[in-house]
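Numbering (this note's numbering), first residue to last: 18 to 860. Built from N, CA and C at the ideal position, the CB exists for glycine as well. Since we're looking at a predicted model, the values are computed, not measured.
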């Protein structure tokens, strides 16, 4: 009985908890259909927040410029994509590709898929395809979750909040509070913020400031207006502090377009907030930059206090505007006219009574800022001409890869081969050309089609509003503000590499999505009925895309994590002298790199890392006379070959592979890798010198092994390499071979490489050439600017063999007394026989 009673009490307690939860449930008392709609609404809100998160956070991770930062983002995108499709399926709504803009953006991703056919670096090309696919998915999700203009405005708020955060981090980095890497450059005193590149930072914030203006002119809440105005002021301040001429141009063009398209009072409101925030930013800029700790060595708080001036100007300006609106609503247009007249009179009195205003204007615009403004119209500087050259080189690549392109990463792999002078840039600084290089003519057409679809969507919105007599409504203001931001971004992308940063492309594709959503919201019911949905095909395609990007993103992320850990171990091992004590660490590093190559088999660097681990095992096995040495050697050669196939035009990779071949005591392999470095960059003198020095080591090795023909082959290769260098040097325009165009060492052999060339000439029996090559090095040896005790010996030997025996012997007497070892080398060199000419051995 006691047990039964206890069980009844337990049931009563359980029931009471259930009853309590039921009473507190937000769906209590609702009909089943209403409950279902409430749950669907909550789920939709959850999906909307997830999409907003995908838009908000990318700028804070180095703009997702680096592939490893994109990998996790791929996974997140795929998961949210699935969540959205679940929500759509519950609503029995199976639409997928509907508008011309949908098709164009999908075609863009498809073009990058096709680029895998002709990709020069297949791994980078596949990363590029995943990026394009991700952008499509973000675009599509934004288009789907924006079902009314309230959500449209919410997306703009998310973008503005993200931009304000980026601006704030840049400001805090400038004053020394934030330690975000490379967010501030103390040398040039420029704010780079989380994007770590001043031009992109400035363009990004300039575009978002236009969106901020759009939100401000529609807002009725004074507090929200003040927040928007303050954000615009901070954005413009950082745009100035980033010191980017291109961003200033697109800000001006974007603002002009915004004003042109805004109707009636909204045009005046746009002009007012742009002017107000602009004055606040200009008034604060000089004082803030002059108070930075890097300039004054003072506390950060002093610089932060200077920001208050801008906030005060924004607050006062908004109060003036709101008071005018209040007077107009309370007493009509006459009161507003009187108010405006009184403000004008007050302004005139200030000008009359304060003669120092012109002087303060100079303080508002510091000298460095005015000088930078004046450079905007200058098209003779290297900033402009270099971009034209990059585009020219890009179009030359397009001629060789016309249809499907060279794949993502193709520009960075190939551009050195098309240069007429040495310059270093991983991007083309023109996204239109970049797409043409990477995805070929198919990709270029797809990218142009995106802009055509963009204009079609905008026209559809305008036409729909005009037909209903609402062309000046609030929805047009949102759509036009978004359109001007996208146009400004597109303009800057034509002069810089903004869209190479994933975060920037995501922003632009989000703006495209908003315009696409706007066109759907404005579509007539008849147009909506014409859309045909194919549930099975659409859901199947969506599932394939989602799982593809989730699996790839997760797999590549795991691969990168393993490779990074393995690389850390290899660096520690390389610093140790005794490899025998590091056997366990080498095995772990090899295992980690094997895992990396399994999860991402197309990454050349991972295979190179695995080759390095196997090479260390080989060296360790040789030292301990382990029979596993041969197996380790073969595995190393196999991974070196695989890495070279996957990244044939990576200069860094080829140099690493050459070093690995040296570690394997494989001079022929090292020379072949070094020759690839010349193919990668024929304007880099280091590549030529690498081949020359490695070839000389091969000559010495074969001489020691009594293999004269092989030694002759590599000696001849040194001479041939120098001949190619001289041809390349003569083909370069002397103007472009100097600063500011040429970025790096000139195409002149270093003294060490020149001596190696002289040695090759001597060993081949070309004694006059050897003398002419080595003789210019003597003054550097004599004055101590270059230490090379063997140089005089080689010079005297060449002099003797050139027919100047008496002079050579006389100089040798002095050399014997000052440097007996060098004199002994001279005597031994005279005993050498010339190597057989025109040798083909060793090929």
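Under DSSP, residue 201 forms a beta bridge with 208. Across the set 448, 456 and 358, the C-alpha of 448 shows the shortest separation from the C-alpha of residue 513. Nearest C-alpha to residue 208 among 184, 314 and 747: 184. Per DSSP, reduced to three states, the secondary structure at residue 115 is coil, with no helix or strand assignment. If one requires a minimum length of 4 residues, the alpha helix (DSSP H) runs lying completely within the region 756-795 are 768-780 and 784-791, in chain order. Within its own chain, the residues whose Cβ lies closer than 6 angstroms to the Cβ of residue 411, once the five positions on either side in sequence are excluded, are 445, 450 and 454, listed in chain order.
The alpha-carbon of residue 821 is positioned some 27 angstroms away from that of residue 740. Around the beta carbon of residue 509, 16 or more other beta carbons lie within 10 angstroms, which makes this residue buried. Closest option to residue 733, judged by alpha-carbon separation, among 628, 773 and 578: 773. In terms of Cβ geometry, residue 145 and residue 519 do not form a close pair [threshold 8 angstroms]. In this structure, the CA atom of residue 661 is about 10 angstroms from the CA atom of residue 138. Cβ atoms of residue 685 and residue 715 come within 8 angstroms of each other, at about 7 angstroms.
Cβ-Cβ separation between residue 704 and residue 691: approximately 7 angstroms, consistent with a contact (criterion under 8 angstroms). C-alpha of residue 120 to C-alpha of residue 531: approximately 16 angstroms in a straight line.
Here DSSP, grouped into helix, strand and coil, assigns residue 666 to coil. Residue 582 is a Cβ neighbour of residue 609, given a cutoff of 8 angstroms. Residue 206 is a Cβ neighbour of residue 309, given a cutoff of 8 angstroms. Taking the Cα of residue 233 as reference, the smallest distance to any Cα among 498, 533, 833 and 320 is reached at 498. By the Cβ rule, the region 271-286 does not count as touching the region 168-180, because fewer than three pairs are nearer than 8 angstroms. The C-beta separation of residue 278 from residue 501 comes to about 7 angstroms, placing the pair in contact by the 8 angstroms criterion. Secondary structure remark: continuous alpha helix (DSSP H) runs of at least 4 residues inside the region 709-751, in chain order: 725-747. Residue 851 is a Cβ neighbour of residue 782, given a cutoff of 8 angstroms.
Judged by DSSP secondary structure, residue 449 falls within the alpha helix (DSSP H) whose first and last residues are 448-484.
Annotated three-state conformation of residue 125 is helix, per DSSP. For the pair residue 435 and residue 413, the CB atoms are nearer than the 8 angstroms cut-off. Relative to the Cα of residue 473, the nearest Cα in the group 240, 327, 750 and 540 belongs to 540. Residue 682: not part of any alpha helix (DSSP H); DSSP gives it neither H nor E. Contact between residue 664 and residue 701 is absent: CB atoms are separated by about 17 angstroms, not below the 8 angstroms threshold. Under a 10 Å Cβ-count criterion, residue 91 is classified as buried, with 16 or more other Cβ atoms of the shown protein chains found around its own Cβ. For the options 845, 244, 225 and 241, the alpha carbon positioned closest to that of residue 255 is the one of 225.
In the three-state reduction of the DSSP assignment, residue 163 falls in the coil class, being assigned neither a helical nor a strand state.
Cβ neighbours of residue 569 within its own chain (closer than 7 angstroms, five residues either side excluded): 91 and 147. The beta carbon of residue 735 lies closer than 7 angstroms to those of 709, 712, 713, 773, 774 and 777 in the same chain, with the five residues before and after it left out.
Here the region 346-356 makes no contact with the region 320-336; the two share fewer than three CB pairs at distances below 8 angstroms. The Cβ atoms of residue 460 and residue 128 lie closer than 8 angstroms to each other.
Residue 512 carries a coil assignment under DSSP once its states are collapsed to helix, strand and coil.
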